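Numbering (our numbering), first residue to last: 126 to 741. For each residue, glycine too, the CB sits at the ideal point set by N, CA and C. Everything numeric in this text was worked out from a predicted model, so none of it was measured.
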C-alpha cells in the first residue's frame, strides 16, 4: 500500500495542474511514510495531489459542473428539449437519469464521476492519516495548515457526493483489505463527521495565521463558509427512500433540535466571517470578468475557486455565452466553439426588476457569430456570466479554457447568514434584513427604491421567500440553485411555477403583460455589438419608421416566434414548456442520481440502487 501511494503521488505531480507553483515537492516513491510526512515540502506535494484530482476529466472539470447541476426553475440545458441533440449527459438536465447512462458515466477504467470523486477522497485520506501519524500538526506550523486543507477538501467532496447520490459509503480511512467494499451510510452521519472535521480544520488554520495569497487554496474563510453551507444542507429537506426501496419521502428532515443546532452553526460561521473577514461587494460584472481573466488574487468577493490550470477546465467552452467562429488561423478563438449549453429560462429574464445590473450580466439574448453579436430567439437566453471575450489567455484546445469554477463568494455568506437568522428567530431581524439589502444595493444604482421589493419583511415565511428569490437573481448559472431548491423542498413546485410563468409570458398575461411581442435590433457603430429595443417592459413603441429603417433597425418576432421546422411557437406548450425543464412525472422523486452500473458491478454486492432509479 505504501508503494502504491507514492507511485500515485509521483504520478499526480506529473499531471497538468493550476497549482504549478506548489508542485515541485520532490515527492518520491522511494520515501517512507515517516519521511514524506515529516517534511512539509513533500507533504505539500501530496496535498496538491488532492487539488489535482479535481481537475480530471469527468470530475469537476466537466461532467459534475456542466451537467449534474441543472435544470432548475431559472436555468436549463440548451438541448434538453431537443431529442436530436440529446445525449445521456443532457438527459440529466431533464431528470431522465438511469444507471445505464453512457457518455462517460459508465466507465470500466474508473473514470466516471463517482470513481473520480472517491479517488479524491482516497488521496485526502492518505494525506490526513500521514500528517496525523508523522507530521506533528499544530496551529503554528505548516503541517497544521496542510492538515486543515486536506480535511476541508475531503469535506467539500463528501458534501458533493451527498448532493448527487444521497446516502453514500463513508470512507474516512485509506483503502485497506478491511474496507475495500463498503455499503452506504446514512448521509446524516456523514454530515456530522464532516462538520466536525471542518471545526478541527478551523482550529488548525486560525484567522491570525497568514492566509494564502490566492483563491485556489483553502482559507479559514472558506472553511467557515463551507461549514455553513453544509449545515444548511443537513438542516434542509432530503429525499429519503425506505429500506426496501419502495417508499419515497421527499420531505424528510432531521429533528427540530438538530435543525436548531445546524442553523446555529450556519449563522455563527457566517457572522464570524462577516466580523473577521468582511469583503466589499464591488461591481457585479467585475466578479465574472475576474473569473474569466483567471485572476486568483485573494481579498475579492471570490473566496474559493477550483484550481484549474490554463490547460484544464471546460467552464467557458461548455457554459459560456455561445460563440460560433470561423476559426481564423492565429486568432484568439481559432480552435474553439463556445457551446453555450446553459440557457436562462426566458420568463426568469423578465423577473429581474428594471435597473437590476445582474440581468444583462446573467443572460444574453444573442450569440457571437464570427465576432458579431447575432440576436437569438426568446427560448435562447444564453448564460452570459462566462465569456470568451473576457478571457486574457487563449484557448489551448477546442475545450480547455482554464477558467476555474467559483465554489464560494462573499454574497453567499451574507444570504446564508440572513436565512439562518430568520430561521432561528422565526422572523427577520434588522441584522438579517441588512445582509439581504447589501446584495440589493450592489444590484441597483438607485438603491433605496428597490430595498423592499418583495413587500414582506415582517414574517418568517415572507422573508424566506425574499431570500429564495434573491438567491435566484444572484447565483443563476453558478451550480447552486438546484441544491437550494432541494434543501427548501421546493424543486418541483418552483419548476412548475416556472412552467406557469412561461405560459403567461407566451400569452403576455399576468406578470408578463407588459412584455412586447416584437424586438428591434441594429448593429452599433463598432459593427460588432447589438443595440436591442423591445426586451423591456414599456419598450413597445415600434422602431419601424422610415427614419428607424434608415438607421438600420430590423424587426424580429419574439413572443410570437415560431420554429421554422415545425411551425410551432418557440414557447409552445408541448415543444418547450413541458420539455425544457423536466421530462418525468415528478423531479422531486428524481433528485438523486443512480449509481452507475459499472460501479455497482465492481462493488461485490456492497452497493445497489434505489429501485425507481434503475430505469426510466
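DSSP puts residue i in a beta bridge; with which residues?
| i | result |
| --- | --- |
| residue 373 | 366 |
| residue 449 | 494 |
| residue 488 | 508 |
| residue 430 | 531 |
| residue 469 | 200 and 506 |
| residue 310 | 293 |
| residue 499 | 492 |
| residue 422 | 339 |
| residue 694 | 687 |
Suppose the cutoff is 8 Å on Cβ atoms and the five residues either side in sequence are ignored; what does the same chain contact list for residue i look like?
| i | result |
| --- | --- |
| residue 110 | Past the edges of the chain, shown from 126 to 741, lies residue 110, and the structure says nothing about it. |
| residue 679 | 645, 646 and 647 |
| residue 296 | 243, 246, 247, 250, 304 and 307 |
| residue 669 | 645, 678 and 680 |
| residue 665 | 639, 641 and 659 |
| residue 582 | 553, 558, 588 and 591 |
Closer than 6 Å by C-beta to residue i: which residues in its own chain qualify, once you throw out the five before and the five after it? Chain order, please.
| i | result |
| --- | --- |
| residue 538 | 350, 395 and 398 |
| residue 316 | 359 |
| residue 155 | Its pLDDT being 45, under 50, residue 155 is placed unreliably by the model, and the measurement read from it follows with that caveat. Around residue 155: no qualifying Cβ. |
| residue 629 | 635 and 637 |
| residue 284 | 355 |
| residue 387 | 356, 359 and 360 |
| residue 330 | 270, 273 and 345 |
| residue 725 | 732 |
| residue 90 | Any question about residue 90 goes unanswered here, given that the chain covers just 126 to 741. |
| residue 619 | 198 and 610 |
Grouping DSSP H, G and I as helix and E and B as strand, with all else coil, what is residue i?
| i | result |
| --- | --- |
| residue 732 | coil |
| residue 150 | For residue 150, the predicted structure reports a pLDDT of 32, less than 50, and the residue's modelled location is therefore unreliable. The matter cannot be settled from this model. |
| residue 261 | coil |
| residue 529 | coil |
| residue 643 | strand |
| residue 382 | helix |
| residue 706 | coil |
| residue 231 | coil |
| residue 463 | strand |
| residue 155 | Note on residue 155: pLDDT 45, under 50, position unreliable in the model; the coordinate value appears next. The answer is coil: DSSP assigns residue 155 none of H, G, I, E or B. |
| residue 717 | coil |
| residue 687 | strand |
| residue 540 | helix |
| residue 517 | coil |
| residue 346 | helix |
| residue 477 | coil |
| residue 130 | Low per-residue confidence applies at residue 130: pLDDT is 41, beneath 50, and the placement is therefore not dependable, though the value from the model is reported in the following sentence. Note: residue 130 maps to helix in three-state DSSP. |
| residue 712 | helix |
| residue 402 | coil |
| residue 186 | coil |
| residue 330 | coil |
| residue 358 | helix |
| residue 304 | coil |
| residue 388 | helix |
| residue 316 | helix |
| residue 550 | helix |
| residue 162 | coil |
Excluding sequence positions up to five away, which residues of its chain have a Cβ less than 7 Å from the Cβ of residue i?
| i | result |
| --- | --- |
| residue 426 | 404, 406, 407, 412, 534, 535 and 536 |
| residue 465 | 203, 445, 446, 447, 492 and 507 |
| residue 185 | 179, 431 and 530 |
| residue 463 | 441, 442, 445, 446, 447, 448 and 513 |
| residue 268 | 165, 168, 256, 260, 261 and 262 |
Taking residue i as part of the alpha helix (DSSP H), name the residues at either end of that continuous run.
| i | result |
| --- | --- |
| residue 290 | 267–290 |
| residue 252 | 238–255 |
| residue 173 | 165–178 |
| residue 414 | 409–417 |
| residue 107 | Residue 107 is absent from the structure shown; the chain starts at 126 and stops at 741. |
| residue 723 | 722–727 |
| residue 108 | Lying outside 126 to 741, the shown extent of the chain, residue 108 is not represented and no answer is given. |
Less than 8 Å between the CB of residue i and some heavy atom of the ligand GTP, yes or no?
| i | result |
| --- | --- |
| residue 186 | Within the structure as shown, the ligand GTP is missing, as the structure has no ligands at all. |
**OP:** Give, in chain order, every unbroken run of the alpha helix (DSSP H) that is at least 4 residues long and sits entirely within the segment 552–611.
**Re:** 555–568 and 585–600
Subject >> Contained alpha helix (DSSP H) runs [length at least 4] in the segment 608–681, N- to C-terminal order >> reply: 616–632 and 671–675
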